[in-house]
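What follows is a single structure, written as structure tokens, with notes after it.
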Amino acid sequence: MPKTYNEMYLEARKRLKAAGIREYSLEARIILSAAANKTREEFVRDAQLYAGTEYEEKVEGLVRRRLNGEPVAYITGDWEFYGMPLKVTKDVLIPRPDTEVLVSAALELLKGAGEARALDLCSGSGCIGLALAKELPSLRVVLADNSDEALKVCRMNILNSRLTQRVTCVKADVREAPPKLIGTFDIIVCNPPYIPSSDIEGLDHEVRDFEPREALDGGADGLEFYRHIASKWHKALRPGAFAAVECGMGQAQEVRNILAQKNFVYYKTAKDLQGIDRVVMAKLV
Ligand code: GLN
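One rule links them: number in my numbering = place in the sequence shown (from 1) + 56.
Next comes the structure, spelled out in structure tokens:
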């Protein structure tokens with residue numbers, strides 16, 4: 057029996073729900089419209105049309121991936137962050153709503169700065185730097201990551217968001233000194249890997265088995281990357297510039313100490329929507 061898009065949607069929705077997926081309706085709609093190369097509005101418009109066997113097979117493959125625990129962002133390759141559509145692949149972390157707090161904090165720090173330069177370290181998809189560039193028309197941004205695959209995703213996102221005039225990307229490892237020609241910045245924003253190595257095994261299956269471990273693992277105590285930022289990356293900042301870093305639950309105090317012990321003075325902390333200290337801001341002395 058041929059099925060309509062809507063019948064297929066209802067079926068997929070039921071299977072996702074039975075598997076305990078919380079956002080089963082939303083995710084079914086996202087997966088089924090992506091499989092049809094339709095926007096969600098087009099999908100609703102065409103709900104009563106017959107979909108065809110090729111589509112049915114495609115959907116079956118995608119739904120199975122989801123039931124196997126793969127996040128919907130990797131299945132469709134699309135994700136939204138700070139109101140911005142982004143491409144994501146398994147080589148980058150899926151941008152989290154918590155990280156939007158870092159964008160807002162940086163925007164606050166850059167208020168009235170005019171023609172400033174921002175460096176997004178451990179950029180992954182480029183979500184933070186791109187959101188800043190989109191919000192601030194005179195900001196120039198460099199996205200830096202040590203993964204070639206992540207940089208490919210950055211390039212795609214720079215192009216798609218039409219920010220090629222002001223956003224570039226460069227290969228750099230936070231654990232090493234800044235590349236010579238990178239110049240100096242008014243702010244470094246960074247969402248480094250911050251999960252203690254021994255906690256990785258205990259993460260949700262969907263995170264642990266699908267998201268890049270090198271984007272999650274922050275070393276023995278989870279704080280390794282903050283130490284590198286504090287001891288090396290002040291060289292890429294002008295005096296008086298800021299570092300704004302995301303951290304995990306319960307890490308803010310230690311992150312403040314790390315930054316204040318070397319080159320920086322503590323400035324401010326911003327909380328996420330759950331009231332957890334999420335972003336530590338420090339100023340270069
Ligand atoms: N916030 C992410 C998580 O909870 C971790 C991101 C990171 O290590 N930077 O999975």
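Note that the Cβ used here is the ideal one computed from N, Cα and C, for glycine as well.
Keep in mind it's a predicted model, so treat the numbers as computed, not measured.
Check, Outcome
"Going by the C-beta, is residue 126 closer than 8 Å to any heavy atom of the ligand GLN?", "no"
"Which of helix, strand or coil does DSSP assign to residue 255?", "helix"
"Cα separation between residue 176 and residue 273?", "18 Å"
"If you follow the alpha helix (DSSP H) that residue 266 is part of, which residue opens it and which one closes it?", "Segment: none, residue 266 is in no alpha helix (DSSP H) and carries neither H nor E."
"From residue 166 to residue 333, what distance separates their C-alpha atoms?", "20 Å"
"Residue ranges of each beta strand (DSSP E) run of no fewer than 3 residues wholly in the stretch 112-169, ordered along the chain?", "134-137, 140-143"
"Residue 300 and residue 162: beta carbons closer than 9 Å?", "yes"
"Give the DSSP bridge partners of residue 245, in chain order.", "176, 300"
"Measure how close the beta-carbons of residue 180 and residue 149 come, nearest whole angstrom, since I'm counting them as under 8 Å.", "5 Å"
"Once the 5 residues before and after residue 250 are set aside, which same chain residues still bring their CB inside 6 Å of it?", "274, 278, 303, 304"
"Are the CB atoms of residue 60 and residue 103 nearer to each other than 9 Å?", "yes"
"Taking residue 143 as the reference, give the member of 114, 211, 96, 105 with the closest Cα.", "211"
"For residue 95, name the three-state secondary structure that DSSP assigns.", "coil"
"Measuring only the C-alpha atoms, how far is residue 64 from residue 230?", "46 Å"
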